[in-house]
Amino acid sequence: SFVVPDNITSIGEKAFYNCDALTSIIIPDNVTSVGGGAFSDCDDLISITVPEGVTKLGDSAFDLCDNLLSVYLPETLTAIDDYAFGWCHSLSDVYINTSGLVTLGGSYVFDNNASDRKIHVKSSYIDAYRTAQYWSEYADDIVGDLE
1 SFVVPDNITS IGEKAFYNCD ALTSIIIPDN VTSVGGGAFS DCDDLISITV
51 PEGVTKLGDS AFDLCDNLLS VYLPETLTAI DDYAFGWCHS LSDVYINTSG
101 LVTLGGSYVF DNNASDRKIH VKSSYIDAYR TAQYWSEYAD DIVGDLE
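In the numbering used here, the protein residues as written are 1 to 147.
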């Protein structure tokens, strides 16, 4: 496991790329961005909570994390770039705790996740997510069970 120091405000591209032994990481609230490939191919990462303050996840930020089961995304998130969670074969729960629609940067953000994956959003935004560009590809997986 690793604790990102409090003085860090951005996690750069490929910062933890291919850290196979990384099982958990604590990211402080002052981090505002997670760069492309920052946690790509971290096979033993099980769960990730992206802290309040992060507004964007870069391309392939968490792709190829084979054992990633759940992701918790903050109220402040506004954009997720393409392939961010692609090929996370065990990913079954994504919690998007925003009061608005998060923009997806392409059509492969959540490709090749667990077959029973659920994308949890606030109930008042379920229709917006199910019909928005790129989100509509995951419409059957979007459930409005957050308040």
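No residue lacks a Cβ here, since even glycine has one placed at the ideal position from N, Cα and C.
The structure presented is a predicted model; accordingly, all values stated were derived computationally and were not measured.
Residue(s) in a DSSP beta bridge with residue 120
Stepping through the sequence shown from its first residue, residue 120 is reached at position 120. 95, 143, per the DSSP bridge assignment.
Local conformation of residue 11 per DSSP, three classes
Position 11 of the sequence shown holds residue 11. Look at residue 11 here: in three-state DSSP terms it is strand.
Taking 8 Å as the cut-off, decide whether the C-beta atoms of residue 92 and residue 118 are in contact.
Position 92 of the sequence shown, counted from the first residue, corresponds to residue 92. Position 118 of the sequence shown, counted from the first residue, corresponds to residue 118. Result yes, Cβ atoms of residue 92 and residue 118 sit closer than 8 Å.
Please classify residue 24: is it buried, with 16 or more other beta-carbons within 10 angstroms of its beta-carbon, or exposed?
Looking up residue 24 in the sequence shown gives position 24. Residue 24 should be labelled exposed.
If we ignore side chains and look at the alpha-carbon of each, how far apart do residue 39 and residue 107 end up?
On the sequence shown, position 39 is the one that residue 39 refers to. On the sequence shown, position 107 is the one that residue 107 refers to. Distance between the alpha carbons of residue 39 and residue 107: 20 Å.
Would you identify the three-state DSSP class for residue 131, choosing helix, strand or coil?
As a position in the sequence shown, residue 131 is number 131, starting the count at 1. DSSP places residue 131 in helix when its eight states are reduced to three.
Could you have a look at residue 47 and say whether DSSP puts it in helix, strand or coil?
By 1-based counting over the sequence shown, the position of residue 47 is 47. Assigned with DSSP and collapsed to three states, residue 47 falls in strand.
Taking Cβ to Cβ, would you say residue 82 is nearer than 8 Å to residue 105?
Residue mapping note: residue 82 aligns to position 82 of the sequence shown, counting from 1. Residue mapping note: residue 105 aligns to position 105 of the sequence shown, counting from 1. In this structure, residue 82 sits near residue 105, with a CB-CB distance shorter than 8 Å.
Mark residue 3 as exposed unless 16 or more other C-beta atoms lie within 10 angstroms of its C-beta, in which case mark it buried.
Reading the sequence shown from its first residue, position 3 is the one you call residue 3. Classification of residue 3: exposed, given that the 10 Å Cβ count is below 16.
Among the residues of its own chain, which have a CB less than 6 Å from the CB of residue 49, if the five just before and after it don't count?
As a first step, residue 49 is located in the sequence shown; it is residue number 49 there, counting from the start. Correct list, in chain order: 72.
Where does residue 127 land, buried or exposed, given buried means 16+ other C-beta within 10 angstroms?
The count along the sequence shown starts at 1 and reaches residue 127 at position 127. Exposed, because fewer than 16 other Cβ atoms sit within 10 Å of the Cβ of residue 127.
Relative to the C-alpha of residue 84, which residue among 144, 94, 76 is closest?
As a working mapping, residue 84 is identified with position 84 in the sequence shown. Of all alpha-carbon atoms in 144, 94, 76, the one lying nearest the alpha-carbon of residue 84 is that of 94.
Residue 101 versus residue 57 - alpha carbon distance
By 1-based counting over the sequence shown, the position of residue 101 is 101. By 1-based counting over the sequence shown, the position of residue 57 is 57. One alpha carbon belongs to residue 101, the other to residue 57, and they sit about 15 Å apart.
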